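A.B. asks:
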Amino acid sequence: MGDADKDAKEALDALESEAKEWEKDAEIERILNAFRLDAYAVLDLNPGVPESDIKNPRAPDAFDRLRKAQTELMDEKHRERLDESIADARMLLIRENKWTVDSEELKTPEFAKMWRAKAREVLVQDEHRRRKLAKAMMQEEGREQKKQDDELEERKRKRQHEQDWEATRDQRIDSWRQFQKGKGSEKKKKKLKPIG
Numbered sequence: 001m002g003d004a005d006k007d008a009k010e011a012l013d014a015l016e017s018e019a020k021e022w023e024k025d026a027e028i029e030r031i032l033n034a035f036r037l038d039a040y041a042v043l044d045l046n047p048g049v050p051e052s053d054i055k056n057p058r059a060p061d062a063f064d065r066l067r068k069a070q071t072e073l074m075d076e077k078h079r080e081r082l083d084e085s086i087a088d089a090r091m092l093l094i095r096e097n098k099w100t101v102d103s104e105e106l107k108t109p110e111f112a113k114m115w116r117a118k119a120r121e122v123l124v125q126d127e128h129r130r131r132k133l134a135k136a137m138m139q140e141e142g143r144e145q146k147k148q149d150d151e152l153e154e155r156k157r158k159r160q161h162e163q164d165w166e167a168t169r170d171q172r173i174d175s176w177r178q179f180q181k182g183k184g185s186e187k188k189k190k191k192l193k194p195i196g
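Numbering-wise (the UniProt record's numbering), the sequence shown opens with residue 1 and increments by one.
(1) Going by beta carbon distance, what residues of the same chain come within less than 6 Å of Glu105, once the five residues before and after it are set aside?
(2) Are the stretch 78–85 and the stretch 46–64 touching, with three or more C-beta to C-beta distances below 8 Å?
(3) Which first and last residues belong to the alpha helix (DSSP H) in which Leu43 is found?
(4) Between the C-alpha atoms of Ser17 and Ala26, what's the straight-line distance to the nearest angstrom?
(5) When you compare only the Cα positions, how much space is there between Asn56 and Ala34?
(6) Using only the alpha-carbon positions, how far apart do Glu154 and Gln145 sit?
(7) To the nearest whole angstrom, what separates the beta carbons of Ala89 and Lys118, a pair I think is in contact under 8 Å?
(8) So what's Glu81 in DSSP terms, helix, strand or just coil?
(9) Below 8 Å CB to CB, which residues in the same chain sit around Asn97 once its five sequence neighbours on both sides are set aside?
(10) Does Lys107 come out as helix, strand or coil in the three-state DSSP assignment?
(11) Do Val122 and Ser85 have their C-beta atoms closer together than 9 Å?
(12) Suppose you measure from the CA of Glu21 to the CA of Ala136; what does that come to, to the nearest Å?
(13) When burial is assigned at 16 or more other CB atoms within 10 Å of the CB, is Leu93 buried or exposed?
(14) Could you tell me the boundaries of the alpha helix (DSSP H) in which Ile54 lies?
(15) How would you write the range of the alpha helix (DSSP H) that Asp69 sits in, first residue to last?
(16) At the level of alpha carbons, what is the spacing between Asp38 and Asp44?
(17) At the level of alpha carbons, what is the spacing between Leu133 and Val124?
(18) Between residue 198 and Arg30, what straight-line distance do the alpha-carbon atoms span, to the nearest angstrom?
(19) Considering only residues of the same chain and omitting the five flanking positions on each side of Glu40, which have a CB-CB separation below 6 Å?
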């Protein structure tokens, strides 16, 4: 009797998932087949409904999320990364619960819920790791840029020092010549005798 109940539950679950898929497809078809000029038909509303039933303030955000999700799944690299994270979550659950990949527990709705929760956890960790890495890379780029700026400033300073040195060359030569001329004609100072 346990096998019959299990088979019936699996059949009901399969039927329910097919029904959800069919409802989703049917809703998409309904929207696409609705007369474009009749906004009531597109939104599946009766004429004369209050504005609160027509406008959902969160609708733009929801459609933006849908568009972003679709774009991400169309990007092959992003999709592979997402699939890998979800597969990692599944393997982590199997290891944590010491199941095998053929375990019956993997076919239950409870496992599906646990898998989705673990996938969320893994995705959050991956995103945190990715952001941390990006931040470290930005800091490294900042350090590299500062190092390059410092080297450039040092080269400018040396170049300016050399230009100043060359600009004052004649003045230094004249000053040295004046010093040399005055050296021979100076009188020697008398040696002072210490008192005492």
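Virtual Cβ for every residue (Gly too), placed ideally from N, Cα, C. Fair warning: this is a prediction, and the values are worked out from it, not measured in the lab.
C.D. replies: Let's see:
(1) By one-based count along the sequence shown, residue 105 stands at place 105. Excluding residues within five positions, the ones whose Cβ falls inside 6 Å are Trp99, Phe111.
(2) Put simply, the stretch 78–85 does not touch the stretch 46–64. Fewer than three CB pairs are less than 8 Å apart.
(3) In the sequence shown, the residue the question calls residue 43 occupies position 43. Membership of Leu43 in the alpha helix (DSSP H) is indicated by the continuous run 39–43.
(4) Working through the sequence shown from its first residue, we reach residue 17 at position 17. Working through the sequence shown from its first residue, we reach residue 26 at position 26. Rounded to the nearest angstrom, the two C-alpha atoms are 14 Å apart.
(5) For the purposes of this step, residue 56 is taken as residue 56 along the sequence shown, with counting starting at 1. For the purposes of this step, residue 34 is taken as residue 34 along the sequence shown, with counting starting at 1. The C-alpha of Asn56 lies about 20 Å from the C-alpha of Ala34.
(6) Residue numbering aside, residue 154 sits at position 154 when the sequence shown is read from its first letter. Residue numbering aside, residue 145 sits at position 145 when the sequence shown is read from its first letter. Looking at the two C-alpha atoms, the distance is approximately 14 Å.
(7) Taking the sequence shown and counting its residues from 1, the one referred to as residue 89 is at position 89. Taking the sequence shown and counting its residues from 1, the one referred to as residue 118 is at position 118. Ala89 to Lys118, Cβ: 4 Å. Contact.
(8) Translated into positions along the sequence shown, residue 81 becomes position 81. Correcting the residue identity first, residue 81 is Arg in this sequence and not Glu. Here Arg81 sits in helix by DSSP.
(9) If you number the sequence shown from 1, residue 97 lands on position 97. If we look at Asn97 and ignore the five residues flanking it on each side, its Cβ neighbours are Glu105.
(10) If you number the sequence shown from 1, residue 107 lands on position 107. Three-state result, Lys107: helix.
(11) If you number the sequence shown from 1, residue 122 lands on position 122. If you number the sequence shown from 1, residue 85 lands on position 85. Taking 9 Å as the Cβ cut-off, Val122 and Ser85 qualify as a contacting pair.
(12) By 1-based counting over the sequence shown, the position of residue 21 is 21. By 1-based counting over the sequence shown, the position of residue 136 is 136. Each residue's Cα considered, the two are about 43 Å apart.
(13) Position 93 of the sequence shown, counted from the first residue, corresponds to residue 93. Counting Cβ neighbours within 10 Å, Leu93 comes out buried, since at least 16 surround it.
(14) The count along the sequence shown starts at 1 and reaches residue 54 at position 54. For Ile54, the enclosing alpha helix (DSSP H) covers residues 51–54.
(15) Here residue 69 refers to the residue found at position 69 when the sequence shown is read from its first residue. Here residue 69 turns out to be Ala, not Asp, going by the sequence shown. Here the alpha helix (DSSP H) through Ala69 covers 59–74.
(16) The count along the sequence shown starts at 1 and reaches residue 38 at position 38. The count along the sequence shown starts at 1 and reaches residue 44 at position 44. A straight-line Cα-Cα distance of about 10 Å links Asp38 and Asp44.
(17) To locate residue 133, count along the sequence shown from 1; it is residue 133. To locate residue 124, count along the sequence shown from 1; it is residue 124. Rounded to the nearest angstrom, the two C-alpha atoms are 14 Å apart.
(18) No answer is possible for residue 198: it lies beyond the span of the chain, which begins at 1 and ends at 196.
(19) Your numbering for residue 40 matches position 40 in the sequence shown. Note that residue 40 corresponds to Tyr in the displayed sequence, not to Glu. Non-local beta-carbon contacts of Tyr40 in its own chain, meaning distances under 6 Å to residues more than five positions away in sequence, involve Pro47 in chain order.
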